[in-house]
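So the structure is just underneath, and the comments pick up after that.
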Amino acid sequence: MITETRSGFPYRPGGVSPTTTPHGQEVRCDVCQSRTAARLWLLHVTHTRTEITAELVRDLLRDQHPDLADHPVGLGARGWDNQLWRLGEDLAVRLPWATQSADALLRKEHTWLPTLAPHLPLRVPVPQRLGEPSERFPRPWIVTTWVPGTPADLAPATRAADAADRLAAFLTALHQPAPDGAPAGRNRGGPLADATEQFAEQLASATELGLIPDPDAVRAIWDDAVAASPWTGPPLWLHADLHPANVLTADGTFCGVVDFGDLCAGDPAYDLAAAWILLPANAVDRFHAAYQPTPDAATLRRARGCAVARALAGILIGDAGLRGRPGGKPTWGPPAHAALHRLLAAAHR
1 MITETRSGFP YRPGGVSPTT TPHGQEVRCD VCQSRTAARL WLLHVTHTRT EITAELVRDL
61 LRDQHPDLAD HPVGLGARGW DNQLWRLGED LAVRLPWATQ SADALLRKEH TWLPTLAPHL
121 PLRVPVPQRL GEPSERFPRP WIVTTWVPGT PADLAPATRA ADAADRLAAF LTALHQPAPD
181 GAPAGRNRGG PLADATEQFA EQLASATELG LIPDPDAVRA IWDDAVAASP WTGPPLWLHA
241 DLHPANVLTA DGTFCGVVDF GDLCAGDPAY DLAAAWILLP ANAVDRFHAA YQPTPDAATL
301 RRARGCAVAR ALAGILIGDA GLRGRPGGKP TWGPPAHAAL HRLLAAAHR
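UniProt numbering puts the first residue of the sequence shown at 1, with every later residue one more than the last.
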C-alpha cells in the first residue's frame, strides 16, 4: 500500500518529516498518492519496540515511584503518540509509544500544565510525577490525574447550549497571554498560509476518494481564511489539538479536556475552530457570543479555515479506519463530515 517517492517534503519545525521513514525515505499511499495516508502508516512503523504492558507499568513505578506501585493498573486508551494506563481510581500513566516527538510533548505538559490547570473550568490531566528514561523503558513518561468521561467521537455533546457555554468558558480561561519562553506550535498557531500546501494535498486526497461533494466550496473557505487579517495580539495559550477524541463528555455535555501535548502560544483561531468540530448544529453562534473577548470578523474567518482543515483531516482518518488501515480511526469520520456540512451551510448563508 505504501511506495517510496523521490520528491521532497518539508520537515516540521522541531521534528522529523511526518512522511519519511527513519532512514529519510518519503512514502505515499499508492492508492491515493496521499502523504496524509502515509502519515497514518508511519504511526504504525514508528511504534516503540518495547511492548507496553501492565507489568511494565508496575515495574516502572516500582523503580521510580514506589509509593504508587501497588495501585491497580489497567489499559485506558491507545492514542496516536501515547498509551494511557489507569492507575487506581484517580491517576493515570502516559507512556509514548509512537512518534519520537511524543517525548518532548510529555515533558512540555509536565512543565506547563500544572500552572494552567487551576484556572481552567473543565477537568484536565494534571501532571503529578515524571518518569525518566531507563534501561527498562528508554523514554520519559508521566503520571497525571485521571479525567473521567467519554471521548466526544464516541459520545458527542447533545446539550447544545450547555456544551457551547462550557467550551467558551474553557477557551476564555485558557486563552491568556503566554509568557516569554512558552512553546511554539508544531505548524499550529501561526499564519494559515504556511499550511496551504498541506491543505491542498488533503483536499485532493479526499476528493479523489469521493469523500468531498463540493471541493471548490471547501477550498473557498480556506482561501477566505488565508486572506483574512492575521492575528496581531499577543500570542495566547492554545490547546491546539481540540479534536473529538481529546474532549470528554458526560450527560450530553463537555466535562474534560485531555492531551495537552500540542500546548503552545499563538493565534486563538486555532482553538476557536473547535466549535465547528465539537458542537451540535446551531450552537456555534452561542459559543461565539459566550467566548470573551468577542472574536472579531477576521478571527472568525481564520477559525473557519482551521476548522475546514481539521474536518478534512478527520474525514481522511475516518476513511482510513473504515478501510482497516493502520492509524485510521473510524469514529473520526462522522463528526468530521458533520462539521464540514455545517461549515459549508454557513458559507452559503
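Cβ coordinates follow ideal geometry from the N, Cα and C atoms, glycine included.
Below-8 Å beta-carbon distance, residue i vs any chain D residue
i: A281; result: Looking for chain D here will not work: only one protein chain is present.
Beta-carbon proximity of residue i to residue j, cut-off 8 Å
i: A182; j: R301; result: no
i: A163; j: L279; result: yes
i: W237; j: L343; result: no
i: L312; j: A228; result: no
i: L263; j: E135; result: no
i: residue 376; j: A98; result: The shown model of the chain, from 1 to 349, leaves out residue 376, and the question about it has no answer.
i: A290; j: A168; result: yes
i: G149; j: L248; result: yes
i: P215; j: P177; result: no
i: D63; j: L211; result: no
i: F287; j: V124; result: no
Inter-residue spacing [alpha-carbon to alpha-carbon] between residue i and residue j
i: L95; j: Q83; result: 5 Å
i: L174; j: A200; result: 31 Å
i: P335; j: L68; result: 38 Å
i: L305; j: L192; result: In the sequence as displayed, the identity of residue 305 is Gly instead of Leu. The alpha-carbon atoms of G305 and L192 are separated by roughly 8 Å.
i: G190; j: D267; result: 6 Å
i: T232; j: A265; result: 13 Å
i: D59; j: F137; result: 10 Å
i: P295; j: R166; result: 17 Å
i: V218; j: V308; result: 7 Å
i: A152; j: P244; result: 5 Å
i: A77; j: T172; result: 29 Å
i: S34; j: E89; result: For S34, the pLDDT reaches just 44, beneath the cut-off of 50, and the residue's location in the model is therefore unreliable, although a value from the coordinates is still provided. Distance between the alpha carbons of S34 and E89 is about 42 Å.
i: W332; j: Q202; result: 15 Å
i: W141; j: D223; result: 40 Å
i: T111; j: F170; result: 20 Å
i: P179; j: F254; result: 28 Å
i: R86; j: Q292; result: 35 Å
i: L130; j: I52; result: 17 Å
i: T299; j: D285; result: 14 Å
i: G252; j: L113; result: 26 Å
i: D194; j: A220; result: 17 Å
i: P213; j: V126; result: 42 Å
i: E197; j: L122; result: 35 Å
i: H337; j: H65; result: 44 Å
i: L61; j: A250; result: 31 Å
i: A204; j: P230; result: 26 Å
Same chain only: Cβ atoms within 6 Å of residue i, ignoring 5 sequence neighbours per side
i: R139; result: P96, D103, P133
i: A303; result: A269, L272, A273
i: L340; result: A311
i: L105; result: G261
Buried or exposed by the 16-neighbour rule on C-beta atoms within 10 Å, applied to residue i
i: N246; result: buried
i: A297; result: exposed
i: A38; result: At A38, the pLDDT of 46 sits below 50, so the modelled position is not reliable; the number obtained from the coordinates is stated separately. When all chains shown are included, A38 counts as buried.
i: T158; result: exposed
i: R188; result: buried
i: P118; result: exposed
i: T50; result: exposed
i: P156; result: buried
i: G314; result: buried
i: L75; result: exposed
i: L154; result: exposed
Cβ shell of residue i (< 8 Å), same chain only, five flanking positions each side left out
i: L91; result: L68, H71, Q128, V143, T144, T145, W146
i: G185; result: L238, A240, D262, C264, A265, G266, Y270
i: L242; result: V257, D271, A273, A274, I277, L278
i: P330; result: G318, G321, L322
Near the ligand COA: residue i beta-carbon under 7 Å from a heavy atom
i: V147; result: This structure lacks the ligand COA, and indeed carries no ligand of any kind.
Close Cβ partners of residue i (< 7 Å) along its chain, the five nearest in sequence each way excluded
i: A160; result: L279, P280, N282, A283
i: L120; result: F170, A173, L174
i: R349; result: none
i: G107; result: First, the residue type needs correcting, since residue 107 is Arg and not Gly in the sequence shown. P140.
i: V93; result: V57, W85, L87, W141, V143
message = Which complete alpha helix (DSSP H) runs does the segment 282 to 334 hold, if anything under 4 residues is left out?
response = Runs of the alpha helix (DSSP H) inside the segment 282 to 334: 284 to 290, 297 to 322.
query = Which ranges does the beta strand (DSSP E) cover as unbroken runs of at least 3 residues, wholly within the segment 141 to 168, from first to last along the chain?
reply = Complete beta strand (DSSP E) runs here, min 3: 141 to 145.
ask   = Can you list the alpha helix (DSSP H) stretches of 4 or more residues lying completely in the segment 88 to 123, in chain order?
value = Every alpha helix (DSSP H) stretch that sits fully inside the segment 88 to 123 and reaches 4 residues is listed by chain position as 101 to 116.
ask   = Taking the runs of the alpha helix (DSSP H) that are 4 residues or longer, which of them lie wholly in the segment 208 to 250?
value = Runs of the alpha helix (DSSP H) inside the segment 208 to 250: 215 to 227.
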